[in-house]
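Residue numbers for the sequence shown follow the working numbering, beginning at -18 and rising by one. Following: one structure in structure tokens, then a few remarks.
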Amino acid sequence: MMDSIALAKIVELRNKTLQEQWRRDDDAFYQHYGHEPPVLFTWLGDLLDRTHAWLKTKKADRPEIGRSACDGGDCRAQAASARM
-18 MMDSIALAKI VELRNKTLQE QWRRDDDAFY QHYGHEPPVL FTWLGDLLDR
32 THAWLKTKKA DRPEIGRSAC DGGDCRAQAA SARM
């Protein structure tokens, strides 16, 4: 039990020291936390971006989206609905 209390006190003192150092020098904070993210997270983010872009293009290729509301000759209904 005394070991865990001593360990907690060491961690607390270390955190206070780092906070004081960061308060004096903002660059030290960014050097401490400014590392590159792990490669797996970067890879997953890129995969999600590419999947989202692929799904958007698949949705845009549908024939209903390419049709205009003015094809039937009634463009006033479209303009009225756009103002609401």
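Just so it is clear, CB atoms sit at the ideal spot from N, CA and C, and this is done for glycine as well. Owing to the predicted nature of the structure, the values given are computational and were not obtained by experimental measurement.
Alpha-carbon to alpha-carbon, residue j and residue i
| i | j | result |
| --- | --- | --- |
| Leu25 | Thr32 | 10 Å |
| Asp8 | Pro19 | 22 Å |
| Asp68 | Leu21 | As shown, the chain starts at -18 and ends at 65. That puts residue 68 outside it, with no answer to give. |
| Ile(-9) | Ser(-15) | 10 Å |
| Leu28 | Tyr11 | 28 Å |
| Leu(-6) | Thr23 | 34 Å |
| Trp3 | Leu(-12) | 23 Å |
| Trp35 | Tyr14 | 34 Å |
| Met(-17) | Asn(-4) | 20 Å |
| Glu1 | Glu17 | 24 Å |
| Thr(-2) | Asp6 | 12 Å |
Short CB-CB distance (under 7 Å) between residue i and chain B
| i | result |
| --- | --- |
| Met(-18) | Looking at the structure shown, chain B is missing, and only one protein chain is on hand. |
| request: Identify every run of the alpha helix (DSSP H) within the stretch 7 to 46, keeping only runs that are complete inside it and at least 4 residues long; order them along the chain. | output: 7 to 14, 20 to 41
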